[in-house]
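Presented below is the structure to which this report refers.
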Amino acid sequence: MVADKENTTIIDGMGEKEMIEARVSQIRKELEISTSDFDKEKLQERLAKLAGGVAVIKVGAATETEMKERKFKIEDALNATRAAVEEGIVPGGGVALLRAIAGLESASVTEKEKTGVHIVRRAIEAPFRQIAANAGKVDVSDIMRDVLEAGGNTGYDFNEMKVTDMVAAGIVDPLKVVRTALENAASIAATFLTTEAVVVDKPEKKDDSGGMGGGMGGMGM
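Structural data, given as structure tokens:
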């Protein structure tokens, strides 16, 4: 048993298996009916400790900046894992959103709504195109067509530069993350459509002229 001012951790407890399973079942039922995000978080923590295991991740680094960066990455991974436990996973690399294109194409819409459908299609293609751009691929039309025709979990691994089964390759995204990202983007877009004015930071133009050459500046002929 390890105890501090905030936590008590019992390792290799002697609780009866039947009682533990009954408690796990009870917590899962409470999760289904709970409407409080705080309560859900605490119930999920109890469920993880009873049904799974407890791990302590210690983050070390040469500098404080490096340690903070590593800590943020670990926290991001933990949050993604929790989201995956809640709603499952989908093929990563932007593939899950590409699969949604089939639903857009089969949707019954009016002529006016076709413009909106086209905009949504461009939006859900954007993550795939951005990943490709990050990997140095400028034109991905052929790759995207191959992925769409293949269907299923097939996607493109831009590390290995090949078409592959994304789930088998371990390239996955939590469904909750993909779903909420799309819902939030749609909500923001709808807000912009009904907004008369928007305040944004205007990016500063970088001076690419470089240093002044030889001679006297400002003395044009």
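Anchor point for the sequence shown: position 173 equals 173 in the UniProt record's numbering, and the numbering is continuous, going up by one each time. For glycine and all other residues, C-beta sits at the position ideal for the given N, C-alpha and C. No experiment lies behind these values; they were computed from the predicted model shown.
Between the segment 54-61 and the segment 104-116, the count of Cβ pairs shorter than 8 Å is below three; the stretches do not touch. For D165, the three-state secondary structure derived from DSSP is strand. Annotation: the continuous beta strand (DSSP E) that includes D173 extends over V172 to P174. Between A133 and F158, the C-beta gap is not smaller than 7 Å, which leaves the two residues out of contact. Residue range E111 to N134 is occupied by the alpha helix (DSSP H) that includes V120. In chain order, N153 and T154 place their CB closer than 7 Å to the CB of D165, counting only its own chain and leaving out the 5 sequence neighbours on each side. Distance from the Cα of A102 is smallest, within the candidate group G151, I143 and K42, for G151.
Excluding the 5 residues flanking it on each side, I89 has same chain C-beta neighbours closer than 8 Å at V167, V172, D173, P174 and L175, in chain order.
Counting along the chain, no alpha helix (DSSP H) covers D157; the unbroken beta strand (DSSP E) around it starts and ends at T154 to D157. Within the model, the alpha-carbon separation for F192 versus R129 is close to 24 Å. Counting along the chain, the unbroken alpha helix (DSSP H) around V24 starts and ends at K17 to I33. Looking only at K49, G94 and D201, the smallest Cα-Cα distance to A123 is reached by G94. Assigned with DSSP and collapsed to three states, V90 falls in strand. Distance check between L47 and each of T35, S36 and V24 places V24 closest, using alpha-carbon atoms only. By the Cβ test, the segment 175-189 is in contact with the segment 77-92, since at least three Cβ pairs between them sit closer than 8 Å.
Per the C-alpha coordinates, the member of K40, E18 and A51 positioned closest to E30 is K40. Listed in chain order, the alpha helix (DSSP H) elements of length 4 or more contained wholly in the segment 40-88 are 64-87. A distance of 7 Å or more separates the beta carbons of L50 and I10. K205 and N7 have their C-alpha atoms spaced approximately 52 Å apart.
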